[in-house]
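Trainee: Quick note, in my numbering, the sequence shown goes up one by one and the last residue is 444. Yeah, the Cβ is synthetic: ideal placement off N, Cα and C, and Gly gets one too.
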Amino acid sequence: MMRSAVLAVTNRSATRKLITETTAGKKLAGRFVAGSELTDAIAVAKQLNEAGLLVSLDYLGEHVTDPAEAARATDAYLACIDAIEEHSLDANISVKLTQLGMGLDDDAALRNLDRLASAANTHGMSITIDMEESDHTEMTVRLFERVQRKYGNLGIAIQAYLFRSPEDVRRIGRVGGHVRLCKGAYAEPQEIAHRGDDVEAAFDELCDQLMGMSEVKPAIATHDDARIAHALAAADGREDPWEFQMLYGVRRDRQLELAGQGHDMRIYVPYGEAWYPYLTRRMAERPANMAFFLRAVVGK
Ligand SMILES: Cc1cc2nc3c(=O)[nH]c(=O)nc-3n(C[C@H](O)[C@H](O)[C@H](O)COP(=O)(O)OP(=O)(O)OC[C@H]3O[C@@H](n4cnc5c(N)ncnc54)[C@H](O)[C@@H]3O)c2cc1C
Numbered sequence: 145m146m147r148s149a150v151l152a153v154t155n156r157s158a159t160r161k162l163i164t165e166t167t168a169g170k171k172l173a174g175r176f177v178a179g180s181e182l183t184d185a186i187a188v189a190k191q192l193n194e195a196g197l198l199v200s201l202d203y204l205g206e207h208v209t210d211p212a213e214a215a216r217a218t219d220a221y222l223a224c225i226d227a228i229e230e231h232s233l234d235a236n237i238s239v240k241l242t243q244l245g246m247g248l249d250d251d252a253a254l255r256n257l258d259r260l261a262s263a264a265n266t267h268g269m270s271i272t273i274d275m276e277e278s279d280h281t282e283m284t285v286r287l288f289e290r291v292q293r294k295y296g297n298l299g300i301a302i303q304a305y306l307f308r309s310p311e312d313v314r315r316i317g318r319v320g321g322h323v324r325l326c327k328g329a330y331a332e333p334q335e336i337a338h339r340g341d342d343v344e345a346a347f348d349e350l351c352d353q354l355m356g357m358s359e360v361k362p363a364i365a366t367h368d369d370a371r372i373a374h375a376l377a378a379a380d381g382r383e384d385p386w387e388f389q390m391l392y393g394v395r396r397d398r399q400l401e402l403a404g405q406g407h408d409m410r411i412y413v414p415y416g417e418a419w420y421p422y423l424t425r426r427m428a429e430r431p432a433n434m435a436f437f438l439r440a441v442v443g444k
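Given below as structure tokens:
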């Protein structure tokens with residue numbers, strides 16, 4: 145409920161203007177986003193690697209409305225893959241398929257994803273496909289399956305709140321790859337998605353399902369201590385690799401603590417100019433972030 149309310153407010157153009165054009169808004173974004181340039185992202189990735197953390201770089205953008213924009217995003221990701229290689233970073237990339245043209249021209253999105261998977265593959269690098277709104281879930285899984293069969297270096301995010309997710313995990317098991325398990329960040333209708341505590345129960349069940357599968361590498365993406373404790377118990381006895389993932393700027397101490405205990409911890413690091421929709425989802429997860437921003441604006 146709270147998520148839908150925050151997203152309804154932040155989707156208004158007046159709110160967008162207020163946040164993107166004020167120092168307070170930019171400051172809030174700076175907490176969650178590495179910077180606007182690839183060089184900013186590389187500098188942050190280096191620091192995180194030095195602290196013992198793995199990285200996934202996300203060039204911000206989604207729902208392109210023009211094929212040329214999708215081609216530019218693909219080129220930006222190719223430059224990112226080259227930079228990761230050049231700086232010998234322990235990092236991969238995370239992509240949104242609507243940024244590569246899905247929804248506008250699905251064949252073009254497939255070609256763009258193919259280019260990225262091919263380039264990453266030459267460096268032994270993996271790619272994670274983010275999961276977006278539910279009207280894109282089926283096509284996201286299909287494009288993942290197509291490209292994963294060809295290169296074998298892809299992973300995909302699965303949202304615990306969607307009723308369909310256990311079946312999607314079984315589908316992914318047939319082609320293999322890594323699976324980033326997250327709660328889900330969008331406002332979805334109750335006909336297709338769990339609410340409240342049910343999301344947490346679904347998360348734990350999917351975690352058990354993934355930890356029991358040798359054909360996938362689970363990536364448990366949460367800042368929630370109860371989910372983390374459940375994952376640690378579920379992974380007990382698992383011999384195949386798995387990892388934790390958290391967002392840049394969220395619970396830094398916990399990131400370092402888990403890494404210090406010997407767990408692989410990957411930090412999702414967004415960069416680029418198109419930070420507004422990403423920031424709105426972070427505000428919806430934690431309305432205290434929205435309150436912090438409003439206080440800063442009102443206090444001016
Ligand atoms: C690496 C990674 C990748 C993700 N990829 C996707 C994706 O592809 N698709 C998708 O729909 N969702 C994605 N998400 C978002 C996810 O679905 C959740 O919305 C988000 O992680 C919050 O859920 P939580 O499990 O951390 O638990 P919560 O219960 O929301 O948070 C637990 C605690 O973590 C802290 N916390 C959580 N969020 C914030 C925040 N924004 N700011 C400050 N503190 C916070 C708070 O202390 C909170 O009490 C991703 C999350 C991560 C970590």
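#1: Report buried or exposed for residue 335, applying the criterion of at least 16 other Cβ atoms within 10 angstroms of its Cβ.
#2: Between 170, 221, 403, 229, which has its C-alpha nearest residue 240's C-alpha?
#3: In chain order, which alpha helix (DSSP H) runs of at least 4 residues are fully inside the segment 261-344?
#4: According to DSSP, simplified to helix, strand and coil, what is residue 156?
#5: Using 8 Å as the cut-off, classify the Cβ of residue 432 as near or not near the heavy atoms of ligand 1, replying yes or no.
#6: Return the first residue and the last residue of the beta strand (DSSP E) that residue 178 is part of.
#7: Consider the C-beta atom of residue 178 and the heavy atoms of ligand 1; say whether any pair is separated by less than 8 Å.
#8: In the DSSP assignment, find the unbroken alpha helix (DSSP H) run with residue 249 in it and report its ends.
#9: Straight-line CA distance for residue 294 to residue 171?
#10: Return the CA-CA distance between residue 229 and residue 191, expressed in angstroms with no decimal places.
#11: For residue 328 and residue 303, I'd like the C-alpha separation in whole angstroms.
#12: Assign residue 297 to one of two classes, buried (16 or more other C-beta atoms within 10 Å of its C-beta) or exposed (fewer than that).
#13: Could you give the first and the last residue of the continuous alpha helix (DSSP H) run that contains residue 422?
#14: Should residue 292 go down as buried or exposed, given a rule of 16 or more other Cβ atoms within 10 Å for buried?
Mentor: Considering the structure as presented:
#1: exposed
#2: 221
#3: 281-295, 309-319
#4: coil
#5: yes
#6: Run containing residue 178: none; DSSP gives neither H nor E here.
#7: no
#8: Neither: residue 249 is in no alpha helix (DSSP H) and is coded neither H nor E.
#9: 42 Å
#10: 16 Å
#11: 5 Å
#12: buried
#13: 420-429
#14: buried
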